[in-house]
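Convert by adding 4 to the 1-based position in the sequence shown; the result is the number in our numbering.
Glycine residues also receive a C-beta, built at the ideal position from the N, C-alpha and C atoms.
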Amino acid sequence: MNIVLRELKANRKALIIWCVSMFLFISIGMVEYSAFSKMGSEVNEMMESLPEVMRSMFGFDKINLTSVGGFYSMFFIYFTLIAGIHAIMLGATIISKEERDKTADFLMVKPIKRHKAVTSKLIAAFINVLIFNIVTFIGSAVTVAYYNKGESLTGEIFKITCTLLILQIVLLSLGLLFSSLTKTTKKATGLSTGVVLGLYMLSLVIPLTDKLDFLKFITPFYYFDAKSIMIGQEIEIIYVLISLIIVVVATSLTYVLFNRKDIHN
Numbered sequence: 005m006n007i008v009l010r011e012l013k014a015n016r017k018a019l020i021i022w023c024v025s026m027f028l029f030i031s032i033g034m035v036e037y038s039a040f041s042k043m044g045s046e047v048n049e050m051m052e053s054l055p056e057v058m059r060s061m062f063g064f065d066k067i068n069l070t071s072v073g074g075f076y077s078m079f080f081i082y083f084t085l086i087a088g089i090h091a092i093m094l095g096a097t098i099i100s101k102e103e104r105d106k107t108a109d110f111l112m113v114k115p116i117k118r119h120k121a122v123t124s125k126l127i128a129a130f131i132n133v134l135i136f137n138i139v140t141f142i143g144s145a146v147t148v149a150y151y152n153k154g155e156s157l158t159g160e161i162f163k164i165t166c167t168l169l170i171l172q173i174v175l176l177s178l179g180l181l182f183s184s185l186t187k188t189t190k191k192a193t194g195l196s197t198g199v200v201l202g203l204y205m206l207s208l209v210i211p212l213t214d215k216l217d218f219l220k221f222i223t224p225f226y227y228f229d230a231k232s233i234m235i236g237q238e239i240e241i242i243y244v245l246i247s248l249i250i251v252v253v254a255t256s257l258t259y260v261l262f263n264r265k266d267i268h269n
């Protein structure tokens, strides 16, 4: 428990910055919606004039941008990138920073087994991700409700942020794995950044052609579509199960690698 509290305290400032930034980003996005909504049908006509490639990439063919729910679900694609970067970077640094800060030796001489130290760090990381997700939900629900003139969309927003939490946990587990595979924080964060951006770009490219359909299981950014959820479609269980498998495998490998790792490297 001491390690959990230590990690929560160490990441407190960064978490506050991330949460405030996300809340501001949500607010700015909904301010943009107020401008879009005043344009009326002109917005949808403008979107229909875009090339089919762009419409498929960003899902403009599924939604009405003049509706608050449609605009929010389109804007949510950027939330996934921000949340994904936060989660994978947190996972990449929460273990490897002990070697960067020369505190690994001190931590390992404590009367606590290595796997318990990893578990404590994992719990702290999950709490950070959960708080970030809750702030995203509250910020989204409040700002959407402010601009919404129709039926409440809080239920749909809750479902969407639940899928965001699954994405965050998947990327957090991958970040933890990368931190165990590499010997330095610099390498772990570099690898994590490259992977998260690559997976994100892949999720945008897949809808462009049926020939890339087989890649949809590779990137967690493609597992859940906010636009589909907003119009009433259910979350696909197959992607929840795949996410669970990735988390279990990545976390298990993290424990194995950390137990074998030479802290003096």
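Non-local C-beta neighbours of residue 143 in its own chain, meaning closer than 6 Å and more than five positions away in sequence, comprise 27 and 30, ordered along the chain. Exposure of residue 248 is indicated by the presence of fewer than 16 other C-beta atoms within 10 angstroms of its C-beta.
Here DSSP, grouped into helix, strand and coil, assigns residue 157 to coil. 72 is the residue among 198, 72, 215 and 160 whose C-alpha sits nearest the C-alpha of residue 39. One alpha carbon belongs to residue 17, the other to residue 210, and they sit about 37 Å apart. A straight line joining the alpha-carbon of residue 235 with that of residue 81 spans about 16 Å. Boundaries of the alpha helix (DSSP H) around residue 190: 189-209.
Residue environment: residue 154 is assigned as exposed (fewer than 16 neighbouring CB atoms within 10 Å of its CB, all protein chains considered). Taking 8 Å as the cut-off, the beta carbon of residue 96 is found no closer than this to the beta carbon of residue 198.
Nearest neighbour of residue 240 by Cα position, chosen from 205, 163, 193 and 184, turns out to be 163. Rounded to the nearest whole angstrom, the CA to CA distance from residue 156 to residue 149 is 7 Å. In this structure, DSSP gives residue 92 a helical state, which the three-state scheme calls helix. Within a 10 Å sphere around the beta-carbon of residue 207 sit 16 or more other beta-carbons, which makes this residue buried.
Between residue 225 and residue 88 a beta carbon distance of about 7 Å is seen, short of the 8 Å cut, so the two are scored as contacting. Boundaries for residue 71: no alpha helix (DSSP H) harbours it, and the DSSP string shows neither H nor E there.
Within 10 angstroms of the beta-carbon of residue 172 lie 16 or more other beta-carbons, which makes it buried.
Distance check between residue 93 and each of 190, 237, 218 and 230 places 190 closest, using alpha-carbon atoms only. Membership of residue 9 in the alpha helix (DSSP H) is indicated by the continuous run 6-14.
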